[in-house]
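Take the sequence shown: its position 14, counting from 1, is numbered 19 in my numbering, and each next residue is one higher.
Single-structure report; data block below.
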Amino acid sequence: MTRVIGLTGGIGSGKSTVSRYLAELGAIVIDSDKVGHEFFKPHTGAWREVVSAFGQQILTSEGEIDRQKLGKIVFDNQEALLRLNQIMHPRMKELVKTQLDEYRRQGVDVVVLEAAVLIEANWLSNVDEVWVVAASESTVLKRLKEQRGLKEEQILARIRSQLSNEERIKYADAVIYNDGDLDAVRETVRELWQNLHQ
Ligand code: ADP
Numbered sequence: 006m007t008r009v010i011g012l013t014g015g016i017g018s019g020k021s022t023v024s025r026y027l028a029e030l031g032a033i034v035i036d037s038d039k040v041g042h043e044f045f046k047p048h049t050g051a052w053r054e055v056v057s058a059f060g061q062q063i064l065t066s067e068g069e070i071d072r073q074k075l076g077k078i079v080f081d082n083q084e085a086l087l088r089l090n091q092i093m094h095p096r097m098k099e100l101v102k103t104q105l106d107e108y109r110r111q112g113v114d115v116v117v118l119e120a121a122v123l124i125e126a127n128w129l130s131n132v133d134e135v136w137v138v139a140a141s142e143s144t145v146l147k148r149l150k151e152q153r154g155l156k157e158e159q160i161l162a163r164i165r166s167q168l169s170n171e172e173r174i175k176y177a178d179a180v181i182y183n184d185g186d187l188d189a190v191r192e193t194v195r196e197l198w199q200n201l202h203q
């Protein structure tokens, strides 16, 4: 039977890194960010709702939704973020469910659903267990400043718009603490993978 792991954590906690290691070990990974991008293509229902909520100024010259422009609006404004989430999350949940059903049908062993919003968007019913990646605020700030060139206040605004580590951990079947180096997190992931297959 297919096992579906919901992998969540705050911005910069290391979700993509953990997903990459899980993929190396044989998991199929669904990146919910990419699922969301499907709906940013021009003239889909979600696109129309987002444009009517936030205006034409959030579009690229090709008419696609510009995630950076949208991000600037929603991460400074809790109400705008809620509005966007109301448009996006139910559609994403539906599409994710379709993908998961297909993997189940194919008899895939382990599927990882990587989703920052797994808990907030109420997708827990789509997964069999929840793994939380947690890194301290200072670690996240350091990594994202260095590696994504984000400014401290941008990172903090995103962290504040999300659940805290403590809140996420309440839902966790496993917690992957990621304040150490890459070898350490890879080893933690390997152990969790082994436990799954015992
Ligand atoms: P998320 O997907 O949760 O936003 P990422 O996996 O993209 O987080 O990690 C954020 C950044 O930190 C990336 O540049 C990644 O390479 C780096 N990173 C993640 N874990 C570690 C680690 N243990 N040591 C050093 N850098 C790390």
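Where a beta carbon is used, it is the ideal one built from N, C-alpha and C, also for glycine.
For Gln-159, is the beta carbon positioned less than 7 Å from some heavy atom of the ligand ADP? no
From which residue to which residue does the beta strand (DSSP E) around Leu-12 run? 8-14
Hey, is Asn-200 close to the ligand FMN, as in C-beta under 7 Å from one of its heavy atoms? Annotation note on the ligand FMN: not contained in the displayed structure, which lists the ligand ADP as its ligands.
Inter-stretch contact (C-beta, 8 Å, three-pair minimum) for the segment 51-67 and the segment 142-156: no
Which of helix, strand or coil DSSP assigns to Glu-67: coil
If distances are taken between C-alpha atoms only, which option among Ala-140, Gln-203 and Ser-169 comes closest to Val-23? Ala-140
With contact counted as at least three CB pairs below 8 Å, one residue from each stretch, are the segment 101-108 and the segment 76-93 in contact? no
What three-state label does DSSP hand Glu-134 in the structure shown? strand
Where do the N-terminal and C-terminal ends of the alpha helix (DSSP H) with Ile-124 fall, by residue? Where Ile-124 is concerned, there is no enclosing alpha helix (DSSP H), given that its DSSP letter is neither H nor E.
Please classify Glu-119 as buried or exposed, where buried requires at least 16 neighbouring CB atoms within 10 angstroms. buried
Counting only runs that start and end within the segment 33-99, where is the alpha helix (DSSP H) found for 4 or more residues in a row? 37-43, 50-59 and 72-79
By a C-beta neighbour count over all protein chains shown, 10 Å radius and 16 as the cutoff for buried, is Gly-112 buried or exposed? exposed
CB-CB length for Glu-99 against Leu-168, believed under 8 Å: At roughly 22 Å, the Cβ-Cβ gap does not stay under 8 Å, so Glu-99 and Leu-168 are not in contact.
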